[in-house]
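Protein chains in written order, with my numbering: chain D, 1 to 112; chain S, 1001 to 1112.
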């Protein structure tokens, strides 16, 4: 079993929809939680990161971390066609700082 | 500010041939990572450098893969000899903090 499991998708939504992307993990030592966006034939780009539990909001994006359930989410409000990409969650522990474990990604398509 | 630069962007070789990838990190970033990303999966760490020192190479297949980071700046990843299963995207990333990695566009390797 992988340390990080991500809802595989693919996900297709109409423009303006609210999107929920999710990951679960098994390593309770994870403290840093990141979401990356990866467009086709590009490298991943950091969208948001959260330290420990809680919520973080940045424009249309909200990241949530529930450490008690080992569950993280990324919400996208008012989704746009330009949001169409693969979204990767990633996690890092303090004890192995610098080594991020990635999920396998969820591919999102936002249709105009 | 220039991002992480990788070359070549694409490489097609026959099995048993050698291949090398080059990475120039963001200026001032002491930490450099090499990842391998298979189709439909998240990046997997191959090796991490802190300046010139390889601090985590536990996932690097040392029988055929080698890497170096001379002078703590540019880095080269080599495969010799390449196998069919090495076909993947090889990503380089750099960072100055544990929670933020900046990725290059990757080198897409096809082994025939």
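Positions of the beta carbon are idealized from the N, C-alpha and C atoms, including for glycine.
{"query": "Cutoff 8 angstroms; reference residue 48 (chain D); Cβ partners in own chain excluding five residues on either side", "result": "34, 35, 56, 58, 61, 63, 74"}
{"query": "Within chain S, partners of residue 10 (chain D) - CB distance below 7 angstroms", "result": "The contacting residues do not exist; residue 10 (chain D) stays about 10 angstroms from chain S at best."}
{"query": "Chain-ordered residues of the segment 1047–1071 of chain S with a beta carbon less than 7 angstroms from chain D", "result": "1048, 1056"}
{"query": "Within the segment 37–76 of chain D, ranges of the beta strand (DSSP E) (whole runs, at least 3 residues)", "result": "45–51, 54–58, 61–66, 71–76"}
{"query": "N-terminal and C-terminal residue of the beta strand (DSSP E) that residue 1110 (chain S) is part of", "result": "1107–1111"}
{"query": "Whole runs of the beta strand (DSSP E) within the segment 1047–1111 of chain S, excluding any shorter than 3 residues", "result": "1053–1056, 1065–1068, 1075–1079, 1088–1097, 1100–1103, 1107–1111"}
{"query": "Delimiting residues of the beta strand (DSSP E) encompassing residue 1011 (chain S)", "result": "1010–1013"}
{"query": "Whole-number beta carbon distance between residue 65 (chain D) and residue 50 (chain D), since they are thought to touch under 8 angstroms", "result": "5 angstroms"}
{"query": "Residue 21 (chain D) - containing beta strand (DSSP E), residue span", "result": "19–25"}
{"query": "Residue 990 (chain S) versus residue 40 (chain D) - alpha carbon distance", "result": "Given that chain S is displayed from residue 1001 to residue 1112, the structure contains no residue 990 (chain S) and the question cannot be resolved."}
{"query": "Contact list for residue 102 (chain D) against chain S, beta-carbon separation under 7 angstroms", "result": "1042, 1043"}
{"query": "Neighbour flag for residue 1109 (chain S) against chain D, beta carbons, 8 angstroms", "result": "no"}
{"query": "As assigned by DSSP and simplified to three states, the class of residue 12 (chain D)", "result": "strand"}
{"query": "Within 8 angstroms, strictly: CB atoms of residue 103 (chain D) and residue 4 (chain D)", "result": "yes"}
{"query": "CB contact check: residue 1103 (chain S) to chain D, cutoff 8 angstroms", "result": "yes"}
{"query": "Interface residues of chain S facing residue 46 (chain D) [CB-CB closer than 9 angstroms]", "result": "1099, 1100, 1101, 1102, 1103"}
{"query": "Neighbour flag for residue 21 (chain D) against chain S, beta carbons, 8 angstroms", "result": "no"}
{"query": "Under 8 angstroms between C-beta atoms of residue 30 (chain D) and residue 69 (chain D)", "result": "no"}
{"query": "Proximity below 8 angstroms, CB of residue 1109 (chain S) to CB of residue 1090 (chain S)", "result": "yes"}
{"query": "Residue-chain proximity (residue 1106 (chain S), chain D), Cβ-Cβ < 8 angstroms", "result": "yes"}
{"query": "Beta carbon of residue 1009 (chain S) nearer than 8 angstroms to that of residue 1081 (chain S)", "result": "no"}
{"query": "Proximity test, Cβ basis, 8 angstroms: residue 49 (chain D) and chain S", "result": "yes"}
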